[in-house]
Amino acid sequence: MTNVLEVSHASTLIGTIQRRTARIGVVGLGYVGLPFLVEKAKVGFHVTGIDRNPRRTDMVARGENYIGDVKAEELQEVVARGLVTTTTDFGVVADLDVIVICVPTPLDSNLSPDLSYVRHVTAEIARHLRPGQLVSLESTTYPGTTEEVMKPILEATGLRAGVDFFLAHSPERVDPGNARYTTKNTNKVVGGHDPASLDVALTFYRQTIEHVVPVSSAKAAEMVKVYENTFRAVNIALANEIALLCDRMGISVWEVLDAAFTKPFGIMPFYPGPGVGGHCIPLDPHYLEWKAREYNFQTHFIALAGETNRKMPEFVVDKAARVLNGARKALNGSRVLLLGMAYKGDLDDYRESPALEVHKLLSRAGVDVSFHDTWTPEINEHGVRACSVDLTDEVLEGTDLVIITTRHSDVDYARVVEKAQAVLDTRYATRGLASEKVTLL
Numbered sequence: 050m051t052n053v054l055e056v057s058h059a060s061t062l063i064g065t066i067q068r069r070t071a072r073i074g075v076v077g078l079g080y081v082g083l084p085f086l087v088e089k090a091k092v093g094f095h096v097t098g099i100d101r102n103p104r105r106t107d108m109v110a111r112g113e114n115y116i117g118d119v120k121a122e123e124l125q126e127v128v129a130r131g132l133v134t135t136t137t138d139f140g141v142v143a144d145l146d147v148i149v150i151c152v153p154t155p156l157d158s159n160l161s162p163d164l165s166y167v168r169h170v171t172a173e174i175a176r177h178l179r180p181g182q183l184v185s186l187e188s189t190t191y192p193g194t195t196e197e198v199m200k201p202i203l204e205a206t207g208l209r210a211g212v213d214f215f216l217a218h219s220p221e222r223v224d225p226g227n228a229r230y231t232t233k234n235t236n237k238v239v240g241g242h243d244p245a246s247l248d249v250a251l252t253f254y255r256q257t258i259e260h261v262v263p264v265s266s267a268k269a270a271e272m273v274k275v276y277e278n279t280f281r282a283v284n285i286a287l288a289n290e291i292a293l294l295c296d297r298m299g300i301s302v303w304e305v306l307d308a309a310f311t312k313p314f315g316i317m318p319f320y321p322g323p324g325v326g327g328h329c330i331p332l333d334p335h336y337l338e339w340k341a342r343e344y345n346f347q348t349h350f351i352a353l354a355g356e357t358n359r360k361m362p363e364f365v366v367d368k369a370a371r372v373l374n375g376a377r378k379a380l381n382g383s384r385v386l387l388l389g390m391a392y393k394g395d396l397d398d399y400r401e402s403p404a405l406e407v408h409k410l411l412s413r414a415g416v417d418v419s420f421h422d423t424w425t426p427e428i429n430e431h432g433v434r435a436c437s438v439d440l441t442d443e444v445l446e447g448t449d450l451v452i453i454t455t456r457h458s459d460v461d462y463a464r465v466v467e468k469a470q471a472v473l474d475t476r477y478a479t480r481g482l483a484s485e486k487v488t489l490l
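Shown next as structure tokens:
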């Protein structure tokens, strides 16, 4: 028999959401949280952004944008309409109806999940939790996190999930820099801890997202996201491994892939590069790998893919040494310019960028390394601290080797090839530029 209290809390919250009088909280105002906040505010919800970084909360409160996927004018408009407030204080949770968690889920040095952000935020929410609220986790994590980690913390208050409050997981699917698919038109997977939680969560997400896909549980929703990113990691690793083999065999991997991708069925384009970067592909598959051990299960594809992708920066440095040797120059003491530090073209994000590792390895080899990237003009990550140099003729002509590590549309690669002494292209940015100066990955 359905609990009367459960029906009361659920129906009340659903009605509030449908009338768009529900008060929404977004914890974490980064690449996922800020676009989400703006989308909810655009349809009339009052949204409170919560972040431990006061610089972020102050900027959002002033309508100042710092995320490329957010349109500055849209943020300014919802702030001007009084639909957005920000704070660093979790005390506001008591006044909210829906709390969406969008915090980082990194890996530690042993490639094990670091859920410290999730645990901390959940504990802060628990301090102010009241009946009739929905808590939804959007951070990517291993299957079981919502129910095994968050639920016990929240239920330590004496409130029961699915009865007094509602608990769901709806993994973010943000593709930074993608102009076609945004928060609004990217299909949204939602899994609830129980049927009532699922009903509430579906009602909430359907207010702003065009197509919502329900699954049977929060654990299934968590598995969906890690599978998606594992799929990409494994296929990129395959492309990277083929690139390594083609290098040994003296075959152009780019010619092979161009021809292979002309097949109209049974294949999907994935390309090699200097490694993988960003907030998903280098990290998320290892969440699943870690969790699988609990079931005495070895995820061989994930382990092999991670190993292959992580060795690519070393391969780039090795190939750079061969290019320099061909010009009778040693790696040690050479001047090398990296074109691009962002992990992806036309993006201001260098989290886990393989260019960072290439920079570090070159520096350790005694190379005088510099970089140019207008999207990420300053770098301070993973032991690399540097500023972008201007891409002048003098810089190009005075560099022994230019390595293209990110393909940005604001770079004139024809000019780079013309002025540089030698170019190692890891992204095929020089496609169509026939020159003996260019060596492809």
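Heads up: take any position in the sequence shown, counting from 1, add 49, and you land on my numbering.
We put the CB at the ideal spot given by N, CA and C, even for glycine.
CB contact flag (Gln256, Arg72, <8 Å): With contacts defined as CB atoms closer than 8 Å, Gln256 and Arg72 fail to qualify as a contacting pair.
Whether Val365 touches Val407 by CB criterion (8 Å): Against a cut-off of 8 Å, the Cβ pair of Val407 and Val365 comes out as a contact.
Delimiting residues of the alpha helix (DSSP H) encompassing Asn289: Segment 267-298, the alpha helix (DSSP H) holding Asn289.
Cβ-Cβ distance between Leu503 and Ala471 below 8 Å: Because the chain in this structure spans residues 50 to 490, residue 503 falls outside the shown range and cannot be described.
Under 8 Å between C-beta atoms of Val152 and Gly77: Against a cut-off of 8 Å, the Cβ pair of Gly77 and Val152 comes out as a contact.
Separation of Asn374 from Val81, as counted between CA atoms: Roughly 45 Å separates the two Cα atoms.
DSSP three-state assignment for Glu401, whether helix, strand or coil: Of the three classes helix, strand and coil, the one that applies to Glu401 here is coil, per DSSP.
Cut-off 7 Å between Cβ atoms - residues of its own chain near Met50, not counting five sequence neighbours on either side: Per-residue confidence for Met50 stands at a pLDDT of 41, beneath the threshold of 50, marking its modelled position as unreliable; the derived number appears in the next sentence. Answer for Met50: no residue qualifies.
Assigned exposure category for Asn381 - 16 Cβ within 10 Å defines buried: Burial state of Asn381 is exposed, judged by a 10 Å Cβ sphere holding fewer than 16 other Cβ atoms.
Three-state secondary structure assigned by DSSP to Lys468: In the three-state reduction of the DSSP assignment, Lys468 falls in the helix class, which pools H, G and I.
Lys89, buried or exposed, once every other Cβ within 10 Å from all chains shown has been counted against 16: Burial of Lys89 is indicated by the presence of at least 16 other C-beta atoms within 10 angstroms of its C-beta.
Three-state class that DSSP yields for Met50 in the structure shown: Bear in mind that a pLDDT of 41 at Met50, under 50, signals an unreliable position, so the model cannot answer this.
Validate contact between the region 158-167 and the region 296-304 using beta carbons, cut 8 Å, 3 pairs: Contact between the region 158-167 and the region 296-304 is absent, because fewer than three Cβ pairs lie under 8 Å.
From His58, Leu411, Tyr399, residue whose alpha carbon lies closest to that of His328: That would be Tyr399, whose Cα lies nearest to the Cα of His328.
Residue(s) in a DSSP beta bridge with Lys237: The partner list for Lys237 (beta bridge, DSSP) reads Val261.
Per-residue burial, Ala245 [other beta carbons within 10 Å of its own, 16 or more giving buried]: So Ala245 counts as buried.
Classification of Thr311 by the beta-carbon crowding that lies within 10 angstroms, buried from 16 upward: By the neighbour-count rule (16 or more Cβ atoms within 10 Å), Thr311 is not buried but exposed.
Thr488 at chain C interface by Cβ criterion, 8 Å: Although the question refers to chain C, the structure presented lacks it and comprises just one protein chain.
Counterpart residues of Ala217 in DSSP-defined beta bridges: Per DSSP, Ser185, Gly241.
Cutoff 8 Å; reference Pro103; Cβ partners in own chain excluding five residues on either side: In the same chain as Pro103, and ignoring 5 residues on each side of it, the C-beta atoms closer than 8 Å to its own belong to Thr137, in chain order.
Range of the contiguous beta strand (DSSP E) that encloses Asp417: Judged by DSSP secondary structure, Asp417 falls within the beta strand (DSSP E) whose first and last residues are 417-421.
According to DSSP, residues forming a beta bridge with Cys436: Cys436 pairs with Glu427.
The region 328-347 / the region 129-149 touching (three or more Cβ pairs under 8 Å): Touching, no.
Per DSSP, cross-strand counterpart(s) of Asp474: Under DSSP, the beta-bridge partners assigned to Asp474 are Ile453, Leu489.
Those residues which DSSP pairs with Pro162 across a bridge: Partner residues in the beta bridge of Pro162, as assigned by DSSP, are Leu156.
Pro72 - DSSP class collapsed to helix/strand/coil: Per the sequence shown, the amino acid found at residue 72 is Arg instead of Pro. Correct three-state label for Arg72: strand.
Alpha-carbon spacing of Asn429 relative to Ala286, whole angstroms: Rounded to whole angstroms, Asn429 and Ala286 show a C-alpha spacing of 27 Å.
DSSP three-state assignment for Asn345, whether helix, strand or coil: Residue state, collapsed to three classes: coil.
Identity of the residue in Pro321, Asn278, Asn284 nearest Ala292 by Cα: Of the candidates Pro321, Asn278, Asn284, the residue whose Cα lies closest to the Cα of Ala292 is Pro321.
Contacting residues, own chain, Cβ-Cβ under 7 Å from Met108 (five flanking each side not counted): Only residues of its own chain outside the window of five on either side were considered, and among them Tyr115 have a CB closer than 7 Å to the CB of Met108, listed in chain order.
Cβ shell of Pro323 (< 7 Å), same chain only, five flanking positions each side left out: Excluding sequence neighbours, Pro323 sits near Met361, Pro362, Val365, Pro403, Ala404, Val407, Thr454, Thr475.
For Ile150, the residue or residues it bridges with in DSSP: In DSSP, Ile150 forms a bridge with Val76, Leu186.
Counted within 10 angstroms of its Cβ, other Cβ atoms place Gly74 as buried (16 or more) or exposed: By the 10 Å Cβ count, Gly74 comes out buried.
Assigned secondary structure, Ser195 (DSSP; H/G/I helix, E/B strand, else coil): According to the sequence as given, residue 195 is Thr; it is not Ser. Helix, per DSSP.
8 Å contact criterion, which Thr448 and Val466 should meet: CB distance rounded: Thr448 to Val466, Cβ: 13 Å. No contact.
Beta carbon of Val262 nearer than 8 Å to that of Val239: In terms of Cβ geometry, Val262 and Val239 form a close pair [threshold 8 Å].
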